[in-house]
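Residue numbers (our numbering): 43 to 341. For glycine and all other residues, C-beta sits at the position ideal for the given N, C-alpha and C. Remember, predicted model here, so these are calculated numbers, not experimental data.
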């Protein structure tokens, strides 16, 4: 008896991944160096093989359906596990050189230590040199070869760097627990604590607040690091928009509270910033490991 698996072609899955990552069939076709009809046909063949709709089309592009998201999540996990398997087998006896990695500030503080601790526990002792900067700075260093690869946040743009999704993140509006600010509103008189221009966090937050009529004001504060913003929000200097990865301990300890603002749902993506050439050595092993293991991490 024929099954969906008999008609399943993994090449169509690669096309679907490109379409979802690009958010557009036109952009995906350009990246894959094929025609738009070829991309559309590939997606339709995959939908026919599985008997489900994988993409929703709207005026500005496409987005995955629930089935499309599930398929892509499983596919990425399998790809990462295969990459880790190949790297483990081919480089099993090779000593691990120190890992050199660039990361934007939120990721460096909240995610990299957890990933690296698990990597080191599984693969043995190795050193780490973590270069921290904002998203624009890390991408620029990967572009020039100053860094072998990086992890960045927000909607980064890079001409000579390949961006690959690692996981999705939520930015939460938070204030000090004893703050006088209301629980359900950020009005025009509420000071906002901004990251500097060039920060992935700032780009995403500006875009979200603009939709509700809030832009940077003269009485706002601009601070150059997540740590500085956490300190300022703890002193009730304003409302901050911080990653769920960076405030877990503060929320658990009761130092911060989340404002409930129904019209604000700020989602963003943590992405690998990769060079055009394949990774090798410790970088390849960490990339494969982290891509396969990140879903088991606790915030």
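Buried versus exposed call for residue i [16 or more other C-beta atoms within 10 Å across all chains shown]
i	result
residue 54	buried
residue 51	exposed
residue 97	buried
residue 186	exposed
residue 231	exposed
residue 57	buried
residue 161	buried
residue 70	buried
residue 385	Since the first residue of the chain shown is 43 and the last is 341, residue 385 is not available in this structure.
residue 182	buried
residue 294	exposed
residue 201	exposed
residue 255	exposed
Spatial distance of residue i from residue j (CA atoms)
i	j	result
residue 272	residue 85	44 Å
residue 314	residue 153	13 Å
residue 237	residue 108	33 Å
residue 164	residue 311	26 Å
residue 204	residue 263	33 Å
residue 247	residue 141	31 Å
residue 74	residue 66	12 Å
residue 184	residue 222	43 Å
residue 283	residue 106	27 Å
residue 277	residue 159	32 Å
residue 285	residue 91	38 Å
residue 317	residue 191	7 Å
residue 260	residue 102	34 Å
residue 266	residue 180	15 Å
residue 44	residue 320	Any reading at residue 44 must be qualified, since the residue scores a pLDDT of 44, below 50, and its modelled position is unreliable; no value is offered.
residue 188	residue 211	27 Å
residue 291	residue 78	47 Å
residue 59	residue 94	16 Å
residue 104	residue 175	32 Å
residue 336	residue 170	18 Å
residue 241	residue 166	34 Å
residue 68	residue 330	29 Å
residue 156	residue 245	26 Å
residue 253	residue 303	13 Å
residue 258	residue 83	45 Å
residue 274	residue 72	44 Å
residue 239	residue 113	36 Å
residue 172	residue 306	33 Å
Option nearest residue i by Cα separation, candidates the options
i	options	result
residue 214	69, 300, 65 and 81	300
residue 146	163, 108 and 195	195
residue 217	208, 234 and 174	234
residue 332	209, 221, 174 and 248	209
residue 139	330, 324, 334 and 329	324
residue 177	102, 158 and 268	268
residue 168	327, 144 and 188	327
residue 296	70, 254 and 219	219
residue 280	294, 68 and 298	298
residue 88	100, 110 and 200	110
residue 143	121, 112 and 193	193
residue 64	206, 173, 112 and 172	206
Opposing strand residues paired with residue i [DSSP bridges]
i	result
residue 236	264
residue 160	The partner list for residue 160 (beta bridge, DSSP) is empty, contrary to what the question assumes.
residue 315	192 and 205
residue 106	97
residue 144	173 and 192
residue 273	DSSP, once it has assigned bridges, lists no residue as partnering residue 273.
Nearest-angstrom Cβ-Cβ length linking residue i and residue j, presumed shorter than 8 Å
i	j	result
residue 117	residue 288	Contact doesn't hold; Cβ gap of about 29 Å is too wide.
residue 81	residue 61	6 Å
residue 250	residue 308	5 Å
residue 243	residue 148	6 Å
residue 34	residue 99	Because the chain is modelled from 43 through 341, residue 34 falls outside the range shown and cannot be assessed.
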